[in-house]
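Student: Line by line, the protein sequences are chains A and B. Mapping to my numbering: the first sequence position 204 is 204, numbers consecutive. Mapping to my numbering: the second sequence position 266 is 594, numbers consecutive. We put the beta carbon where it would ideally sit given N, CA and C, even for glycine. From a predicted model like this one, the values you see are computed outputs, not experimental measurements. Below is one structure. I have some questions about it.
Number of protein chains: 2
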Amino acid sequence: MSKVIKAGIVGYGNLGKGVEKAIAQNPDIELVAIFTRREPGQMTAHAAGVKFEHISAAEQYKGVIDVMILCGGSATDLPEQTPVIAKMFNTVDSFDTHAKIPEFYETVNAAAKQGGTVSVISTGWDPGLFSLNRLLAEAILPEGTDYTFWGKGVSQGHSDAIRRVPGVKAGVQYTVPVQSVIDRIRAGETPELSTREKHLRECYVVAEDGANEEQIRETIVSMPNYFADYDTTVTFITEEELAANHKGMPHGGFVIRSGITGEGTKQIVEFGLKLESNPEFTASVLVAYARAAYKLSAEGVTGAKTVFDIPLGYLSPKSPEELRKELL
Amino acid sequence: MSKVIKAGIVGYGNLGKGVEKAIAQNPDIELVAIFTRREPGQMTAHAAGVKFEHISAAEQYKGVIDVMILCGGSATDLPEQTPVIAKMFNTVDSFDTHAKIPEFYETVNAAAKQGGTVSVISTGWDPGLFSLNRLLAEAILPEGTDYTFWGKGVSQGHSDAIRRVPGVKAGVQYTVPVQSVIDRIRAGETPELSTREKHLRECYVVAEDGANEEQIRETIVSMPNYFADYDTTVTFITEEELAANHKGMPHGGFVIRSGITGEGTKQIVEFGLKLESNPEFTASVLVAYARAAYKLSAEGVTGAKTVFDIPLGYLSPKSPEELRKELL
Numbered sequence: 001m002s003k004v005i006k007a008g009i010v011g012y013g014n015l016g017k018g019v020e021k022a023i024a025q026n027p028d029i030e031l032v033a034i035f036t037r038r039e040p041g042q043m044t045a046h047a048a049g050v051k052f053e054h055i056s057a058a059e060q061y062k063g064v065i066d067v068m069i070l071c072g073g074s075a076t077d078l079p080e081q082t083p084v085i086a087k088m089f090n091t092v093d094s095f096d097t098h099a100k101i102p103e104f105y106e107t108v109n110a111a112a113k114q115g116g117t118v119s120v121i122s123t124g125w126d127p128g129l130f131s132l133n134r135l136l137a138e139a140i141l142p143e144g145t146d147y148t149f150w151g152k153g154v155s156q157g158h159s160d161a162i163r164r165v166p167g168v169k170a171g172v173q174y175t176v177p178v179q180s181v182i183d184r185i186r187a188g189e190t191p192e193l194s195t196r197e198k199h200l201r202e203c204y205v206v207a208e209d210g211a212n213e214e215q216i217r218e219t220i221v222s223m224p225n226y227f228a229d230y231d232t233t234v235t236f237i238t239e240e241e242l243a244a245n246h247k248g249m250p251h252g253g254f255v256i257r258s259g260i261t262g263e264g265t266k267q268i269v270e271f272g273l274k275l276e277s278n279p280e281f282t283a284s285v286l287v288a289y290a291r292a293a294y295k296l297s298a299e300g301v302t303g304a305k306t307v308f309d310i311p312l313g314y315l316s317p318k319s320p321e322e323l324r325k326e327l328l
Numbered sequence: 329m330s331k332v333i334k335a336g337i338v339g340y341g342n343l344g345k346g347v348e349k350a351i352a353q354n355p356d357i358e359l360v361a362i363f364t365r366r367e368p369g370q371m372t373a374h375a376a377g378v379k380f381e382h383i384s385a386a387e388q389y390k391g392v393i394d395v396m397i398l399c400g401g402s403a404t405d406l407p408e409q410t411p412v413i414a415k416m417f418n419t420v421d422s423f424d425t426h427a428k429i430p431e432f433y434e435t436v437n438a439a440a441k442q443g444g445t446v447s448v449i450s451t452g453w454d455p456g457l458f459s460l461n462r463l464l465a466e467a468i469l470p471e472g473t474d475y476t477f478w479g480k481g482v483s484q485g486h487s488d489a490i491r492r493v494p495g496v497k498a499g500v501q502y503t504v505p506v507q508s509v510i511d512r513i514r515a516g517e518t519p520e521l522s523t524r525e526k527h528l529r530e531c532y533v534v535a536e537d538g539a540n541e542e543q544i545r546e547t548i549v550s551m552p553n554y555f556a557d558y559d560t561t562v563t564f565i566t567e568e569e570l571a572a573n574h575k576g577m578p579h580g581g582f583v584i585r586s587g588i589t590g591e592g593t594k595q596i597v598e599f600g601l602k603l604e605s606n607p608e609f610t611a612s613v614l615v616a617y618a619r620a621a622y623k624l625s626a627e628g629v630t631g632a633k634t635v636f637d638i639p640l641g642y643l644s645p646k647s648p649e650e651l652r653k654e655l656l
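See below:
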């Protein structure tokens, strides 16, 4: 397969590095350049022919790069970058501040319409694949109850909160779905549950020498907003254990809809992810949607799109004929 | 919500009856008429205002019915009916003879193009939702292995085979996925497996009075193609037990992709269904895709479409704005 799609990466943190690896797994996509806000001369590209550029040089790639994969954060990077870059390039991003998606969509849509480009916003797995499955199950089973579970996975915000506790040298927090609750739902029950009833919080903490472990534990489990309302466990470990067992970025979760058809017939639809690396998986979703952005743009489509607007066939390098023959 | 979409049902077996019930759960869809090959005067409609008509009267509903939901079988009904009806109406069907889908697509596409209609073919859950998930997971994780498991569910063909065994009065066969194999895959193994290694066959048999049960068991478990290559269990039950415990039509299954990103990072994507009624669930999928056919047709689209060609947003009665706000 010839490398027909020329891609660029904007932002070279965990997600951008994941996109670089994901592109290498896709025979129809070629990575042309990586754009950063750092001094690009200090960076080394992994693949031959890939350039590192300062983000200010992006404009010079107009007409060369087909789609820019935006790997910045949702708090400050994407609200600023997506509208600017969408005026010049097709884009895909993983904007995940749920409450601000409608506003973000409007801003990006205006920019992409102006630029004559396609911008696929808020991809990844939640928002993204989980959203697709919420929609699909709700459309098929209009009478039903929906559950989203996250984990087992690292929560960055909660890990940061642990590390701010006096006496804590290092630590990590996992959000863990409650297995007994999942089992009840899979068995057909439809309990009303808050997020806290569906999840536990597991903390692994390295204490400073001489610190009072009982006091650290108490401070963590009683921390309002973060831990006080949850079943929280605190396990003290050594720095070596932290390095050996807790450096990965696993995540995942489940979207389950328990619905009723006919006269009380139970029907359960479930989608689940078990990910050893959250950023590498999110990156893989971004790359598949970059392909879709390219195809849509080639058909003359413009504007902002979400996962709800894009036929899944556009994610695949295969032709519609191949898909019907091999995967239907 | 006003009933904007006028629907018809063609074929009134288990699936057609399921569609009738599913339409009643969808506030934007109105059932106008049910078409059968039987004498329609003998039929009684459940909902007020729904007419029973002979299938030959379908043409009279041109311009009245927006979308015909075709509920016939794949062996003989749909190959004949879909192309004829697609010349007059938007349609949706559950054609599921995998090997013949490419040919069926071409025939229906020509008819729908001629009629200026949209025909969504091969919906349901396999083909249908399982196909969507195979495509999605393969596009995101190009390096990986794909597993489809069916069951626990009734296999009509295998149940018929049991009932042909001398001395058998009645019986039912369940296809059951092998839990230990699923567990291995969920744990990250990627074994090479044939269909028979992934599934067990459970038979529940009512023997004629005085029949030799050991001989019946032996005939079943050694039956070529159907049972000989599988782990097959035969349990003898009474007619009362059969009626009490085995009259449902449960089914379901799993699509699991175990993939690799980066340097050997394991990522697992799984979609599963647990259905108390296979026909009612398939019917619910058909109704959601009937809505999509209506929307596509209203936009001027024509021709045959599969689940791969249709944005999932088209399945929902909600507007794109509502979907972005509530489900993304």
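1) When the Cα of A:Met88 is compared with those of A:Ala24, A:Gly8, A:Thr306, A:Ile185, which residue comes out closest?
2) Identify the residues that DSSP records as bridge partners of A:Ile29: which are they?
3) Quick check: is the beta carbon of B:Pro649 nearer than 9 Å to any beta carbon in chain A?
4) Apart from the five residues just before and just after B:Phe477, which ones in its own chain have a Cβ nearer than 6 Å to its Cβ?
5) In whole angstroms, what separates the C-alpha of B:Thr503 from that of A:Leu286?
6) Measuring CB to CB, does A:Ala112 end up less than 9 Å from A:Ala304?
7) Per DSSP, what are the beta-bridge partners of B:His382 in this structure?
8) If you measure between the beta carbons of A:Val118 and A:Ala293, is that distance less than 9 Å?
9) Skipping 5 residues on each side, what residues in its chain have a beta carbon closer than 6 Å to that of A:Asn14?
10) Helix, strand or coil for B:Glu530 per DSSP?
11) Using a Cβ-Cβ cut-off of less than 9 Å, give me the residues of the stretch 336 to 357 of chain B that come near chain A, in sequence order.
12) Locate the alpha helix (DSSP H) running through B:Arg514, then write down its first and last residues.
13) Does the beta carbon of A:Ala139 come closer than 9 Å to any beta carbon on chain B?
14) With a CB to CB cut of under 8 Å and the five nearest residues on each side skipped, what residues in its chain are close to B:Ala403?
15) Looking at A:Gly259 and A:Thr145, is the spacing between their C-beta atoms short of 9 Å?
16) Does DSSP classify A:Lys169 as helix, strand or coil?
17) By the 7 Å beta-carbon criterion, what residues does the stretch 589 to 616 of chain B contribute toward chain A?
18) Which of the three DSSP states is assigned to A:Glu239 in this structure?
19) Note down the Cα distance separating B:Ile490 from B:Gly444, rounded to an integer number of angstroms.
20) Which chain B residues sit within Cβ distance under 8 Å of A:Arg134?
21) Are the beta-carbon atoms of A:Leu327 and B:Glu466 separated by less than 9 Å?
22) Counting only Cβ pairs nearer than 8 Å, list the residues of chain B close to A:Leu340.
23) According to the Cβ coordinates, are A:Val92 and A:Ile121 closer than 9 Å?
24) For A:Asp126, count the other beta carbons within 10 Å of its own beta carbon; 16 or more makes it buried, fewer makes it exposed. Which is it?
25) B:Leu570 and B:Gly499 - do their beta-carbons sit closer together than 9 Å?
26) What residues from chain A crowd round B:Ile429, counting only those whose CB sits closer than 7 Å?
27) Is there a C-beta anywhere in chain B that falls below 9 Å from the one on A:Arg38?
28) My output table needs one value for B:Tyr475: the three-state DSSP class, helix, strand or coil.
29) Between the alpha carbons of A:Tyr289 and A:Pro40, how many angstroms are there, rounded?
30) Against chain A, with Cβ distances strictly below 9 Å, would B:Ser450 count as a contact?
Tutor: Reading from the atomic positions:
1) Within the first sequence, numbered from 1, the residue matching residue 88 of chain A stands at position 88. Per the Cα distances, A:Gly8.
2) As a first step, residue 29 of chain A must be located in the first sequence, where it is residue number 29. A:Ile5.
3) Within the second sequence, numbered from 1, the residue matching residue 649 of chain B stands at position 321. Here residue 649 of chain B is Glu; the residue named in the question, Pro, does not match the sequence. For B:Glu649, the answer is yes, since a Cβ of chain A falls inside 9 Å of its Cβ.
4) Along the second sequence, read from residue 1 onward, the residue named residue 477 of chain B stands at position 149. Hits under 6 Å: Pro505, Lys526, Gly581, Phe582.
5) Taking the first residue of the second sequence as 1, we reach residue 503 of chain B at position 175. Taking the first residue of the first sequence as 1, we reach residue 286 of chain A at position 286. So the two alpha carbons sit approximately 37 Å from each other.
6) Taking the first residue of the first sequence as 1, we reach residue 112 of chain A at position 112. Taking the first residue of the first sequence as 1, we reach residue 304 of chain A at position 304. When the beta-carbon positions are compared, A:Ala112 and A:Ala304 come within less than 9 Å of each other.
7) As a working mapping, residue 382 of chain B is identified with position 54 in the second sequence. B:His382 is bridged to B:Thr364.
8) Within the first sequence, numbered from 1, the residue matching residue 118 of chain A stands at position 118. Within the first sequence, numbered from 1, the residue matching residue 293 of chain A stands at position 293. Yes, these two residues count as a Cβ contact at 9 Å.
9) As a working mapping, residue 14 of chain A is identified with position 14 in the first sequence. Cβ within range, chain order: Pro279.
10) Numbered from 1 along the second sequence, position 202 holds the residue referred to as residue 530 of chain B. Correct three-state label for B:Glu530: strand.
11) Lys345, Gly346, Lys349, Ala350, Gln353, Asn354, Pro355
12) Residue mapping note: residue 514 of chain B aligns to position 186 of the second sequence, counting from 1. Counting along the chain, the alpha helix (DSSP H) containing B:Arg514 begins and ends at 507 to 514.
13) Stepping through the first sequence from its first residue, residue 139 of chain A is reached at position 139. Answer yes: the Cβ-Cβ gap between A:Ala139 and chain B drops below 9 Å somewhere.
14) Here residue 403 of chain B refers to the residue found at position 75 when the second sequence is read from its first residue. Same-chain partners within the cutoff: Thr425.
15) For the purposes of this step, residue 145 of chain A is identified with residue 145 of the first sequence, where counting begins at 1. For the purposes of this step, residue 259 of chain A is identified with residue 259 of the first sequence, where counting begins at 1. With contacts defined as CB atoms closer than 9 Å, A:Thr145 and A:Gly259 qualify as a contacting pair.
16) The residue labelled residue 169 of chain A in the question sits at position 169 within the first sequence. A:Lys169: strand per DSSP, three-state reduction.
17) Thr589, Gly590, Thr593, Lys594, Gln595, Ile596, Val597, Glu598, Phe599, Gly600, Leu601, Lys602, Leu603, Glu604, Ser605, Glu608, Phe609, Ser612, Val613, Ala616
18) On the first sequence, position 239 is the one that residue 239 of chain A refers to. Three-state DSSP puts A:Glu239 in a helix.
19) For the purposes of this step, residue 490 of chain B is taken as the residue at position 162 of the second sequence. For the purposes of this step, residue 444 of chain B is taken as the residue at position 116 of the second sequence. If I take the Cα positions, the gap works out to 46 Å.
20) What you label residue 134 of chain A is simply residue 134 of the first sequence in a count that begins at 1. Going along chain B in sequence order, the residues near A:Arg134 (Cβ under 8 Å) are Leu655.
21) Here residue 327 of chain A refers to the residue found at position 327 when the first sequence is read from its first residue. Here residue 466 of chain B refers to the residue found at position 138 when the second sequence is read from its first residue. Less than 9 Å separates the beta-carbon of A:Leu327 from that of B:Glu466.
22) This structure leaves residue 340 of chain A out entirely; chain A is present only between 1 and 328.
23) In the first sequence, the residue the question calls residue 92 of chain A occupies position 92. In the first sequence, the residue the question calls residue 121 of chain A occupies position 121. Yes; because the gap between Cβ atoms is below 9 Å, this pair is in contact.
24) Locating residue 126 of chain A in the first sequence gives position 126, counting from the first residue. With 16 or more other Cβ atoms within 10 Å, it is buried.
25) Residue mapping note: residue 499 of chain B aligns to position 171 of the second sequence, counting from 1. Residue mapping note: residue 570 of chain B aligns to position 242 of the second sequence, counting from 1. Against a cut-off of 9 Å, the Cβ pair of B:Leu570 and B:Gly499 comes out as a contact.
26) By one-based count along the second sequence, residue 429 of chain B stands at place 101. Those within 7 Å of B:Ile429 in chain A are Arg324, Leu328.
27) Working through the first sequence from its first residue, we reach residue 38 of chain A at position 38. Not an interface residue.
28) Position 147 of the second sequence holds residue 475 of chain B. Residue state, collapsed to three classes: strand.
29) For the purposes of this step, residue 289 of chain A is taken as residue 289 along the first sequence, with counting starting at 1. For the purposes of this step, residue 40 of chain A is taken as residue 40 along the first sequence, with counting starting at 1. Their backbone Cα atoms lie some 27 Å apart in a straight line.
30) Residue mapping note: residue 450 of chain B aligns to position 122 of the second sequence, counting from 1. It does; some Cβ of chain A falls within 9 Å.
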